[in-house]
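Numbering (our numbering), first residue to last: 86 to 199.
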C-alpha cells in the first residue's frame, strides 16, 4: 500500500500535465515570417521623425550609467532613488487627474515604464 498510493498520485499528476500540455498548441517554427499587415512588436525607425518615447525608468538607468564615478552599490542606490522619485511624480499626476483605485495603479505603472 505504501508503494501503490504514491504511484497512483504520480500517474495522475503525469496525466494532468500531459493533458495540460496537449491543450496548448505548439509554436509553429515553419511560419516564422509575420503575415502581411501584421504589426511588428519592435520599433522600426521612421524616415522623417525619430520620436522615441523613453520611459522614466530608462531615463534613470541612463542617468545613473552616465555617472562613471559611482560604485556598484552607490549606482544601485541612485537608481532606486531616481525610480522612486519618478513614481512619486507619476502618482502626483494621477492625483491631479483624480484617478482612483485600479485605474491609478495602472496609470502609475505605465507612466514609470513608458
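Even glycine gets a Cβ: it sits at the ideal position worked out from N, Cα and C.
- As for any alpha helix (DSSP H) of minimum length 4 sitting wholly inside the stretch 134-197, the runs are 141-151, 157-181, ordered along the chain.
- Residue 88 sits in coil when the DSSP states are folded into three classes, being neither helix nor strand.
- Separation of residue 180 and residue 166 (C-alpha to C-alpha, rounded to the nearest whole angstrom) is 21 Å.
- Between residue 142 and residue 197, the C-beta spacing is below 8 Å.
- Residue 168 and residue 145 do touch by the CB rule: their CB atoms are close to 5 Å apart, below 8 Å.
- Taking C-alpha positions only, residue 153 is separated from residue 187 by approximately 39 Å.
- Taking a contact as a CB-CB distance under 8 Å, the pair residue 163 and residue 155 counts as one, their CB atoms being some 6 Å apart.
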